[in-house]
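Input: a single structure, listed below in structure tokens.
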DNA sequence: CGTCCAGATGATACAGAGTCTCATGTAGGC
DNA sequence: GCCTACATGAGACTCTGTATCATCTGGACG
């Protein structure tokens, strides 16, 4: 659950038109708890009879991703999921039980990439780090293992 | 380029049948340079007229992945690619120009995950780290940027 | 306000990845 | 060599994401 205005503002600031479908998309996204897939939004949009086409949903997601207010995750299952987040470099901790995500800032990865660069000779331009586990709430409930 | 026998041995050790299509798959995989996609293998198999069905290719890839001798990467493009590798926990550096990958062992991620766990309260079970950049060879040739 | 048009939309068709089913084939234990 | 459980290939199918294109509309400008 985030604020739809943040998404809309991002569009506005970047000079994109504030259309009805885009506002609706911002609403849909801000109502999601944890991560969500494009398919989730398609279902939600249809459930609420918003009349938004599939193509528009994919286009808006791309847009939000470009603006950095939504980020794509690659779940272990292979699915592509999205999370709304701040447009600064950071990583995500993902609860494998409830899907909740939390942002964490770069805690020491820079040192790691530098060390890898030194050892392999690669020039490292970017990286992706995703942490999977159980959030406090899920870990607290009857332990699944 | 890796050794096909390593893949075949892994199947054998895990008690799977050593069928002709599986041997052929091991050959195809070991001939790949850098990462490859399922589609690559489908094309290669058809080019060499190996008579291996698409389904079998996906099945064998899953199998090799389960055995840990092949690992799935999520490329920034969103594609799923695979790399043959050792069945121990490690990460990959991926050349975004030629696709070459190199394994790197865990250089300091443990500290990072522990620190994140402490700060977020999550119980972190697994993580994925992928580093993208240019390998020495590609960085050395006329610099693209 | 009304006009206007580039940018945005929805419907539809399409391409590709990955899965499922099922009849047939074969590895390898006996 | 026989036999059966496991593996395979063909093909249909589902789902994700993209391309096309005629229509619509936000918002700049008068």
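Residue numbers (the working numbering), protein chains in the order written: chain A, 1 to 145; chain B, 146 to 290.
For each residue, glycine too, the CB sits at the ideal point set by N, CA and C.
{"Query": "For residue 134 (chain A) and residue 256 (chain B), I'd like the C-alpha separation in whole angstroms.", "Result": "18 Å"}
{"Query": "Would you call the region 47–56 of chain A and the region 65–77 of chain A touching, i.e. three or more CB-CB distances under 8 Å?", "Result": "no"}
{"Query": "Determine the chain B residues that contact residue 80 (chain A) at a beta-carbon separation under 7 Å, and present them in chain order.", "Result": "223"}
{"Query": "Kindly indicate if chain B contains any beta-carbon less than 8 Å away from that of residue 71 (chain A).", "Result": "no"}
{"Query": "For residue 247 (chain B), which residues from the same chain have a beta carbon less than 6 Å from its beta carbon, with the 5 sequence-adjacent residues on both sides left out?", "Result": "238"}
{"Query": "With DSSP as the reference, please indicate the residues paired to residue 240 (chain B) in a beta bridge.", "Result": "B:278"}
{"Query": "Below 8 Å CB to CB, which residues in the same chain sit around residue 154 (chain B) once its five sequence neighbours on both sides are set aside?", "Result": "none"}
{"Query": "Closer than 8 Å, Cβ to any Cβ of chain A: which residues of the region 268–283 of chain B, in chain order?", "Result": "268, 269, 270, 271, 272, 273, 274, 275, 276, 277, 278, 279, 280 and 281"}
{"Query": "Mind the definition here: the region 156–164 of chain B touches the region 174–181 of chain B only if three or more C-beta pairs lie below 8 Å; say whether that holds.", "Result": "no"}
{"Query": "With H, G and I counted as helix, E and B as strand and the rest as coil, what does DSSP make of residue 153 (chain B)?", "Result": "helix"}
{"Query": "By the criterion of Cβ-Cβ separation under 9 Å, what are the contact partners of residue 95 (chain A) in chain B?", "Result": "267"}
{"Query": "Look up residue 181 (chain B) in the DSSP assignment and say whether it is helix, strand or coil.", "Result": "strand"}
{"Query": "Would you kindly work out how many angstroms separate the C-alpha atoms of residue 136 (chain A) and residue 286 (chain B), rounded to a whole number?", "Result": "49 Å"}
{"Query": "Excluding the 5 residues flanking residue 73 (chain A) on each side, which residues of the same chain have their C-beta closer than 8 Å to its C-beta?", "Result": "35, 80, 81, 82, 83, 92, 94, 101 and 130"}
{"Query": "Classify residue 89 (chain A) as buried or exposed, calling it buried when 16 or more other Cβ atoms lie within 10 Å of its own Cβ.", "Result": "exposed"}
{"Query": "With distances taken between CB atoms, is the gap from residue 26 (chain A) to residue 4 (chain A) smaller than 8 Å?", "Result": "yes"}
{"Query": "Mind checking whether residue 188 (chain B) and residue 202 (chain B) have CB atoms under 8 Å apart?", "Result": "no"}
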